[in-house]
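Chains A and B supply the protein sequences, listed in that same order.
Mapping of the first sequence onto the working numbering: position 316 corresponds to residue 316, and the numbering continues sequentially without gaps.
Mapping of the second sequence onto the working numbering: position 225 corresponds to residue 1225, and the numbering continues sequentially without gaps.
For glycine and all other residues, C-beta sits at the position ideal for the given N, C-alpha and C.
Number of protein chains: 2
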Amino acid sequence: MSVTLKQLAASLGLSPTTVSRALNGFPEVNAATRARVREAAERLNYHPKPRAKSLATGRAQAIGHVIPLSTSHEIVNPIFADFIAGAGEIYGQSGYEMILRVVADAEEERAYSDLVARRAVDGVMVHGPRIRDARVPLLDSLGIPFLVHGRTSEITSPYSWLDINNKRAFQRATQFLSDLGHRRIALVNGLEDMDFAARRRRGYLEALETAHIPPDPALMRQAEMTEPYGYRAGLEMMRLPQPPTAFLASSMIVAYGLRRAMSDLGLKLGRDISIVTHDDELSYLPNDGDIPMFTATRSSVREAGRRAARMLLQLVTQPTDAPLTEMMEAALVLGASTGPAPK
Amino acid sequence: MSVTLKQLAASLGLSPTTVSRALNGFPEVNAATRARVREAAERLNYHPKPRAKSLATGRAQAIGHVIPLSTSHEIVNPIFADFIAGAGEIYGQSGYEMILRVVADAEEERAYSDLVARRAVDGVMVHGPRIRDARVPLLDSLGIPFLVHGRTSEITSPYSWLDINNKRAFQRATQFLSDLGHRRIALVNGLEDMDFAARRRRGYLEALETAHIPPDPALMRQAEMTEPYGYRAGLEMMRLPQPPTAFLASSMIVAYGLRRAMSDLGLKLGRDISIVTHDDELSYLPNDGDIPMFTATRSSVREAGRRAARMLLQLVTQPTDAPLTEMMEAALVLGASTGPAPK
DNA sequence: TCAATTTTTCAAACCGCTTTGGATAGGCGC
DNA sequence: GCGCCTATCCAAAGCGGTTTGAAAAATTGA
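Given below as structure tokens:
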């Protein structure tokens, strides 16, 4: 069926050693021989088996992704698909395999230890970091290269991460709204034990402070980011004695819910009420066109996946103690969903 | 760092053979010895390295998923995340690894051949089958167990699949609407080179015929399933000289778009206009509650992932020439988005 | 021309596990 | 006490590659 190195070597009258070296570009092999080997490998459709290769080299040639499944809500964060699409692109180019584990968050740490103990991967991507995330010290002690997509507050030891500037993004968005005259600005956030959500809240609060707007707990919510959540939050907040004139939403889906609530109330976006949302540029939730539907803090999660994968591969291939970090700024793009505060 | 079988054996004064057999439950090892070995393995935190194991056994203990990325739209189908969450659950229980490749659909076939040639996986899951999908004969000729999530029309050779009854679901949905008196029923479908979309269309057309309603091309659309697509389709169709009184949507996201269009037109769902959508029960797009927002053909794609994984593992572990097939029926659940046709 | 290099190739060990084909020892019947 | 089983354990040969240490061939220099 499928050729082994030994068979290939035999068919060429060469030793496996030489063939291996010829194919892996070692200098100590005659150019003519190398050409012969390459040609024969092509012709016989030879593919080295990664299992054998990695047994011999000690490198797994694979990166592990552990997808947490919040046990309480059984929700898979929709950004994973696009992030993974981006990362997979890079792994493919670099000859790395991506191995995925989906685990309830209670077993997440065991999943990492297991991947490492079995030497199944050379590096690990950490998804959905929470505040003071226990996985960072765990992976540190396991001594495997890892990269966090996001950051985790209140962890002092250095680690490698790629994140978007969530705080600044929401700070700018809030300030943008206050510049438009809004003083009742609501925050419809994701769960704030997630680090990204906590940072967005901080950005929001700082901007309020700068604008001398006292924060109002009635205008802040956190929950899993679904459409009905956005809808309910919108409706209920608009029923307050002093309703908001603007909303900050943590995801497109939440913004959809808000928009529906406003529509039900007969309010026109950009005139009667303003919405700014974060937009991860998920492929199936486009917010583009000449004038996007929503004003948004925009940052491609697919691009984040690509960059994160590159960084992690670098950590794997060129180990160093200096951690790699990258901050991506989110663009604030103007859409049709914002306007001056109604007087 | 991490113990090998040989080290474990040495520390016990046993041969690797015996230790291997003790841990793998072979009968020819003394019960007392087995207990000793188990205890020591636990104590020394021994984990067999899958690479070595699979090199020796010839089994990869891994399943491959190839996620197609439609090059034209760069869209990752949002159902993948939930399907994979379901499948991953089963793989985890069975000690299989899930390896993922994300590839542009042009290179999809090469990705499969490569996975097989490198012996990286024991079986393959086929996602997003199109009509007359070339991957089925390809995988057949490669001689690797595979399971299709969905089916592929116009392929005569038998193959294993798990699908929902798309045709019947949309037939029932259409009939349900016609029973309510609707005669102008629109279909806002996914791309119809995708097999699932083609089947839905057939179900729709058959039901129309049964109800003696002539199909109207102006009431049928197909495209990538995004919210703006649903919105535009809704608006434009309602501007027709003879607008529809009901819509069939191929996904929740499309239904969101339709709903927004209706809302913009001041039409109330369930009274002025009806919508039935397919609902894959994606975790972040809930359509539940006492009375769900949308009347829907409902089928959990996460559960499909679980079942598909079980079937594929069965194909891998107990090879047979008889293909495995399973049809899941979608429930037709009544929500708030449908009502009798306005006269 | 011949020793000294340099280039090119190879044999064998190894990575961590499974598995085949014994070997050893204890238990059995007679 | 002896032959024959059965229950246990082990040495060694793979699985398909890489890599070390050495040998063979080609080249160089004087």
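Thinking residue i and residue j are a contact (beta carbons under 8 Å), I'd like their distance in whole angstroms, please.
i: residue 1235 of chain B; j: residue 1186 of chain B; result: Contact flag wrong, Cβ pair sits at about 12 Å.
i: residue 360 of chain A; j: residue 230 of chain A; result: Since the first residue shown for chain A is 1 and the last is 343, residue 360 of chain A is missing from the structure and cannot be characterised.
i: residue 40 of chain A; j: residue 8 of chain A; result: 6 Å
i: residue 1228 of chain B; j: residue 1237 of chain B; result: In fact, because the Cβ distance is near 15 Å, the residues do not count as touching under 8 Å.
i: residue 301 of chain A; j: residue 326 of chain A; result: Going by Cβ atoms, the distance from residue 301 of chain A to residue 326 of chain A rounds to 14 Å, so no, they are not a contact pair.
i: residue 252 of chain A; j: residue 1284 of chain B; result: Residue 252 of chain A to residue 1284 of chain B, Cβ: 11 Å. No contact.
i: residue 108 of chain A; j: residue 62 of chain A; result: No, residue 108 of chain A and residue 62 of chain A are not in contact; Cβ-Cβ is about 19 Å, not under 8 Å.
i: residue 1078 of chain B; j: residue 286 of chain A; result: In fact, because the Cβ distance is near 13 Å, the residues do not count as touching under 8 Å.
How far does the alpha helix (DSSP H) with residue i in it extend, from its first residue to its last?
i: residue 201 of chain A; result: 195–210
i: residue 1287 of chain B; result: Per DSSP, residue 1287 of chain B belongs to no alpha helix (DSSP H) and is neither H nor E.
i: residue 184 of chain A; result: Run containing residue 184 of chain A: none; DSSP gives neither H nor E here.
i: residue 54 of chain A; result: 50–57
i: residue 1034 of chain B; result: 1031–1043
i: residue 225 of chain A; result: First-last for residue 225 of chain A: undefined, no H or E at that position.
i: residue 336 of chain A; result: Looking at the DSSP string, residue 336 of chain A is not in any alpha helix (DSSP H), and its letter there is neither H nor E.
i: residue 1136 of chain B; result: 1135–1142
i: residue 1155 of chain B; result: Run containing residue 1155 of chain B: none; DSSP gives neither H nor E here.
Between the beta-carbon of residue i and the beta-carbon of residue j, is there less than 9 Å?
i: residue 92 of chain A; j: residue 127 of chain A; result: no
i: residue 1124 of chain B; j: residue 1155 of chain B; result: no
i: residue 258 of chain A; j: residue 188 of chain A; result: yes
i: residue 102 of chain A; j: residue 66 of chain A; result: yes
i: residue 1199 of chain B; j: residue 1166 of chain B; result: yes
i: residue 220 of chain A; j: residue 202 of chain A; result: no
i: residue 1330 of chain B; j: residue 1295 of chain B; result: no
i: residue 1263 of chain B; j: residue 1245 of chain B; result: no
i: residue 1003 of chain B; j: residue 1018 of chain B; result: no
i: residue 293 of chain A; j: residue 162 of chain A; result: no
i: residue 1064 of chain B; j: residue 1148 of chain B; result: no
i: residue 1178 of chain B; j: residue 1213 of chain B; result: yes
i: residue 1207 of chain B; j: residue 1174 of chain B; result: yes
i: residue 1305 of chain B; j: residue 1090 of chain B; result: yes
Please report the straight-line C-alpha distance between residue i and residue j, rounded to a whole angstrom.
i: residue 1043 of chain B; j: residue 1023 of chain B; result: 14 Å
i: residue 59 of chain A; j: residue 1050 of chain B; result: 13 Å
i: residue 1152 of chain B; j: residue 1134 of chain B; result: 9 Å
i: residue 268 of chain A; j: residue 130 of chain A; result: 36 Å
i: residue 1111 of chain B; j: residue 1144 of chain B; result: 14 Å
i: residue 157 of chain A; j: residue 309 of chain A; result: 22 Å
i: residue 113 of chain A; j: residue 313 of chain A; result: 20 Å
i: residue 1299 of chain B; j: residue 1233 of chain B; result: 24 Å
i: residue 336 of chain A; j: residue 1307 of chain B; result: 44 Å
i: residue 84 of chain A; j: residue 240 of chain A; result: 41 Å
i: residue 254 of chain A; j: residue 76 of chain A; result: 15 Å
i: residue 56 of chain A; j: residue 176 of chain A; result: 57 Å
i: residue 1303 of chain B; j: residue 1080 of chain B; result: 12 Å
i: residue 324 of chain A; j: residue 250 of chain A; result: 27 Å
i: residue 271 of chain A; j: residue 1181 of chain B; result: 39 Å
i: residue 87 of chain A; j: residue 320 of chain A; result: 22 Å
i: residue 315 of chain A; j: residue 204 of chain A; result: 34 Å
i: residue 1016 of chain B; j: residue 142 of chain A; result: 26 Å
i: residue 317 of chain A; j: residue 278 of chain A; result: 34 Å
i: residue 12 of chain A; j: residue 1006 of chain B; result: 36 Å
i: residue 1183 of chain B; j: residue 1191 of chain B; result: 24 Å
i: residue 1074 of chain B; j: residue 1025 of chain B; result: 48 Å
Looking at the secondary structure, which residues open and close the beta strand (DSSP E) in which residue i lies?
i: residue 66 of chain A; result: 62–69
i: residue 1295 of chain B; result: 1295–1298
i: residue 242 of chain A; result: That residue, residue 242 of chain A, is in no beta strand (DSSP E); it is neither H nor E in DSSP.
i: residue 22 of chain A; result: No beta strand (DSSP E) holds residue 22 of chain A; the alpha helix (DSSP H) holding it covers 16–23.
i: residue 123 of chain A; result: 123–126
i: residue 146 of chain A; result: 146–149
i: residue 274 of chain A; result: 274–279
i: residue 1102 of chain B; result: 1097–1104
* To do: Could you please tell me which residues of the stretch 222–237 of chain A, in chain order, have their CB closer than 8 Å to any CB of chain B?
  => Residues 224, 225, 226, 227 and 228.
* Asked: In the stretch 1034–1047 of chain B, which residues sit with their C-beta less than 9 Å from some C-beta in chain A, listed in chain order?
  -> Within the stretch 1034–1047 of chain B, 1045, 1046 and 1047 place their CB atoms closer than 9 Å to a CB of chain A, listed in sequence order.
* **Under 7 Å (Cβ pairs) to chain A, residues found in the stretch 1076–1102 of chain B** => Those residues of the stretch 1076–1102 of chain B that come within reach of chain A (Cβ to Cβ, closer than 7 Å) are 1076, 1078, 1080, 1081, 1082, 1084, 1085, 1088, 1089, 1092, 1097, 1098, 1099, 1100, 1101 and 1102.
* In the stretch 247–267 of chain A, which residues sit with their C-beta less than 8 Å from some C-beta in chain B, listed in chain order? -> Within the stretch 247–267 of chain A, the residues whose Cβ lies closer than 8 Å to some Cβ of chain B are 253, 256, 259, 260, 263 and 264, listed in chain order.
* Members of the stretch 1163–1176 of chain B that neighbour chain A once the beta carbon cut-off is set at 7 Å -> Here the close residues number zero.
* With 7 Å as the C-beta to C-beta threshold (strictly closer), list the residues of the stretch 1279–1302 of chain B near chain A in chain order. => Under the 7 Å Cβ criterion, the stretch 1279–1302 of chain B contributes 1283, 1284, 1285 and 1286.
* **Residues within the stretch 1143–1158 of chain B neighbouring chain A, beta-carbon criterion of under 9 Å** => Listed in chain order, the positions of the stretch 1143–1158 of chain B with a beta carbon within less than 9 Å of a beta carbon of chain A are 1143.
* To do: Can you give me, in chain order, the residues of the stretch 1188–1204 of chain B that have a beta carbon less than 8 Å from any beta carbon in chain A?
  => Under the 8 Å Cβ criterion, the stretch 1188–1204 of chain B contributes no residue.
* To do: Quick one: which residues of the stretch 1117–1129 of chain B get their C-beta closer than 9 Å to a C-beta of chain A? List them in chain order.
  => Of all residues in the stretch 1117–1129 of chain B, 1117, 1118, 1119 and 1120 have a Cβ within less than 9 Å of some Cβ in chain A.
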